[in-house]
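Novice: Submitted below is the structure of interest, expressed as structure tokens.
In this note's numbering, the protein residues as written are 91 to 301.
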């Protein structure tokens, strides 16, 4: 039998085994580090992809919102144009109807006048208010109007009452042999200032003024 020392490995074997073990451990640590790095890289890439997808979804959402807003504006513009077209059509229809009624009424008035029948016209309260505003009616004054048939001397009489006997004066009411006064005109009595306004009115019993 040999001695016990002959069964033990030489010291250099322990060093080699230690070195190999250190090498394996180092390789294992390197592998783990590489695996951790790979996982971190994949996580970072996944996070970057998710962030890009989120940004893309945000861009898509903004684009969809802009398109919806544009569509809403276009729809509102179409509705506005349709409303304006409808209003123009309605106004045109009302104008045609008004002219038709005016033509019928004028024809009826001419028939009545040819028969010697004077039409009865009853003004509304609104007509009265408009007429008062047109002639500058004032409750604190005395208002005089001269009415009558055509060429009966209403305008010269108005000039005479207002102290404007010269028919050539610019502020005098025009007078003539034919129907001259076509609108109600206001004239001031020169002797009494604004106390007594006089009005020259259109002739009655004519086609222009049948009442």
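The beta carbon of each residue, even a glycine, is placed where N, CA and C say it ideally should be.
#1: Give a yes or no on whether the C-beta atoms belonging to residue 273 and residue 246 are separated by under 9 Å.
#2: Assign residue 244 to buried or exposed, taking buried as 16 or more other Cβ atoms, counted over all protein chains shown, within 10 Å of its Cβ.
#3: Quick check: the Cα distance between residue 227 and residue 213, rounded to an integer number of angstroms?
#4: In the DSSP output, what is residue 234 paired with across the bridge?
#5: Can residue 239 and residue 290 be called in contact, C-beta distance under 9 Å?
#6: Could you give the residue range of the beta strand (DSSP E) that holds residue 277?
#7: If you follow the alpha helix (DSSP H) that residue 248 is in, where does it begin and where does it stop?
#8: According to the neighbour-count rule (16 or more other Cβ atoms, all chains shown, within 10 Å of its Cβ), is residue 248 buried or exposed?
#9: Determine the DSSP secondary structure at residue 169, reduced to helix, strand or coil.
#10: Could you check where the alpha helix (DSSP H) with residue 205 kicks off and where it finishes?
#11: Closest by CA to residue 253, which one among 113, 287, 232, 191?
Specialist: With the structure as the only source:
#1: As a first step, residue 273 must be located in the chain shown, where it is residue number 183. As a first step, residue 246 must be located in the chain shown, where it is residue number 156. Not a contact, by the Cβ cut-off of 9 Å.
#2: Stepping through the chain shown from its first residue, residue 244 is reached at position 154. Residue 244 comes out buried.
#3: Here residue 227 corresponds to residue number 137 of the chain shown, with the count starting at 1. Here residue 213 corresponds to residue number 123 of the chain shown, with the count starting at 1. Whole-angstrom Cα-Cα distance: 16 Å.
#4: Taking the chain shown and counting its residues from 1, the one referred to as residue 234 is at position 144. BP columns for residue 234 point to 288.
#5: One-based indexing of the chain shown puts residue 239 at position 149. One-based indexing of the chain shown puts residue 290 at position 200. No, these two residues do not count as a Cβ contact at 9 Å.
#6: Position 187 of the chain shown, counted from the first residue, corresponds to residue 277. From DSSP, the beta strand (DSSP E) with residue 277 extends over 275-278.
#7: In the chain shown, counting from the first residue as 1, residue 248 sits at position 158. Unbroken alpha helix (DSSP H) run through residue 248: 244-251.
#8: Here the question's residue 248 lines up with position 158 in the chain shown. Looking at its Cβ environment, which holds 16 or more other Cβ atoms inside 10 Å, residue 248 is buried.
#9: As a first step, residue 169 must be located in the chain shown, where it is residue number 79. In the structure shown, residue 169 sits in a helix (DSSP, three-state: H, G or I).
#10: Stepping through the chain shown from its first residue, residue 205 is reached at position 115. Segment: none, residue 205 is in no alpha helix (DSSP H) and carries neither H nor E.
#11: Counting from one through the chain shown, the residue named residue 253 turns up at place 163. Minimum Cα distance to residue 253 is reached at 287.
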